[in-house]
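Scroll down for the structure; my scribbles are underneath it.
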Amino acid sequence: MLQPPAPFVMNPAEPKNWPLGRWNLYVGGAGRSVPGYVNIDLFAMPGVDVAADVERLPFPSDLFQRIECDAVLEHVRNPRQAMCELRRVLAPGGYLHLVTPFCHPFHAYPADFRRFTIDGLKELAGGLEVVAEGWRTGPTATILVFLLEYVKLLLPFRIWRAAAHFVCGWLLFPLRYLDLLLLRSATAHRIGNHCYLWLRKPLPGEQPAEP
Ligand SMILES: C[S@@+](CC[C@H](N)C(=O)[O-])C[C@H]1O[C@@H](n2cnc3c(N)ncnc32)[C@H](O)[C@@H]1O
1034 MLQPPAPFVM NPAEPKNWPL GRWNLYVGGA GRSVPGYVNI DLFAMPGVDV AADVERLPFP
1094 SDLFQRIECD AVLEHVRNPR QAMCELRRVL APGGYLHLVT PFCHPFHAYP ADFRRFTIDG
1154 LKELAGGLEV VAEGWRTGPT ATILVFLLEY VKLLLPFRIW RAAAHFVCGW LLFPLRYLDL
1214 LLLRSATAHR IGNHCYLWLR KPLPGEQPAE P
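Counting the sequence shown from 1 gives a position; this note's numbering is that position plus 1033.
Here's what the structure looks like:
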């Protein structure tokens, strides 16, 4: 109850209702329960069904109807190899959801290698068709997460940092709703927080999308 609300709101315009199938894959869900998905992570933690590296997936090709890869690509050594594997195991006609940070503080799970723009994510899409793109969390989220990190940087003791997180978190969180306006702006991408792509694997015989 004392934990302040998150300093971001999700973009309500992001489409989410792409169909699930018999087999669906959730990448990087350590500590999470994700009903309806096979949950893989590097670490065999609670909630994880298969401990595996997304760069070498232990699944046959064309299996999963839907794949969620949310806040993982910044942590993998070789995102092109990870995308090759995700493309391989995605069923024809299936959907792959990518979410990655653009302006976001360093966070190691277990390492933190890079940030992405929407154009950068599209470069990794290969022959998959882009069916939706945009910003999941916006400029205000960026400002608030950096401000909270900055204030904590100034404080030498853990207890002070926890107190600052509590006080600043509760004081600042109402500002997060500004993103409901700013996410409609064509320039939100300049300091957006996390971006997303929804990608679809063409059916056999369908014209593949331009890379
Ligand atoms: C920032 S967390 C994402 C959490 C989750 N997707 C969510 O939205 O709450 C990143 C997760 O990806 C996992 N991870 C990092 N590198 C990975 C890899 N090469 N293969 C599979 N999982 C990986 C980490 O262990 C961590 O659980």
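Positions of the beta carbon are idealized from the N, C-alpha and C atoms, including for glycine.
Range covered by the beta strand (DSSP E) that runs through E1182: Here the question's residue 1182 lines up with position 149 in the sequence shown. First-last for E1182: 1172-1186, but that is the alpha helix (DSSP H), not the beta strand (DSSP E).
Beta-carbon proximity list for G1238, same chain, < 6 Å, skipping 5 on both sides: Stepping through the sequence shown from its first residue, residue 1238 is reached at position 205. Hits under 6 Å: none found.
Residue span of the beta strand (DSSP E) that contains H1130, given as start and end: The residue labelled residue 1130 in the question sits at position 97 within the sequence shown. Run containing H1130: 1123-1134, per the beta strand (DSSP E) assignment.
Chain-ordered list of residues that sit, by beta carbon, closer than 5 Å to a heavy atom of ligand 1: G1061, A1063, D1074, L1075, D1086, V1087, D1103, A1104, V1105, H1108, V1109, Y1142
Minimum C-alpha distance to C1136 - residue among G1153, G1171, E1156, V1122: As a working note, residue 1136 is residue 103 in the sequence shown. Of G1153, G1171, E1156, V1122, the residue nearest in Cα terms is G1171.
Neighbourhood of L1177 by C-beta, 6 Å cutoff - its chain only, sequence neighbours within 5 removed: Along the sequence shown, read from residue 1 onward, the residue named residue 1177 stands at position 144. Excluding sequence neighbours, L1177 sits near P1040, L1205.
Where D1103 falls: helix, strand or coil (DSSP): Start at 1 with the first residue of the sequence shown, and residue 1103 comes out as number 70. D1103: strand per DSSP, three-state reduction.
Range covered by the beta strand (DSSP E) that runs through W1051: In the sequence shown, residue 1051 corresponds to position 18, counting from 1. Note, W1051: premise wrong, no beta strand (DSSP E); not H, not E.
CB of G1160 within 9 Å of CB of P1235, strictly: Position 127 of the sequence shown, counting from 1, holds the residue named residue 1160. Position 202 of the sequence shown, counting from 1, holds the residue named residue 1235. Yes, these two residues count as a Cβ contact at 9 Å.
Cross-strand partners of E1162 (DSSP beta bridge): Locating residue 1162 in the sequence shown gives position 129, counting from the first residue. According to DSSP, E1162 bridges with R1233.
Per DSSP, cross-strand counterpart(s) of C1201: The count along the sequence shown starts at 1 and reaches residue 1201 at position 168. According to DSSP, C1201 bridges with nothing at all.
Sheet register partners of D1074 (DSSP bridge): On the sequence shown, residue 1074 is found 41 positions in, with the first residue counted as 1. Looking at the DSSP assignment, D1074 forms a beta bridge with A1084.
C-alpha distance - A1158 paired with H1130, whole-angstrom precision: By 1-based counting over the sequence shown, the position of residue 1158 is 125. By 1-based counting over the sequence shown, the position of residue 1130 is 97. A1158 and H1130: Cα-Cα distance of roughly 11 Å.
Contacts around H1222, its chain only, beta-carbon distance under 8 Å, and the 5 residues preceding and following it disregarded: Sequence index remark: in the sequence shown, residue 1222 carries index 189 (1-based). Same-chain partners within the cutoff: F1135, T1150, I1151, W1168, C1228.
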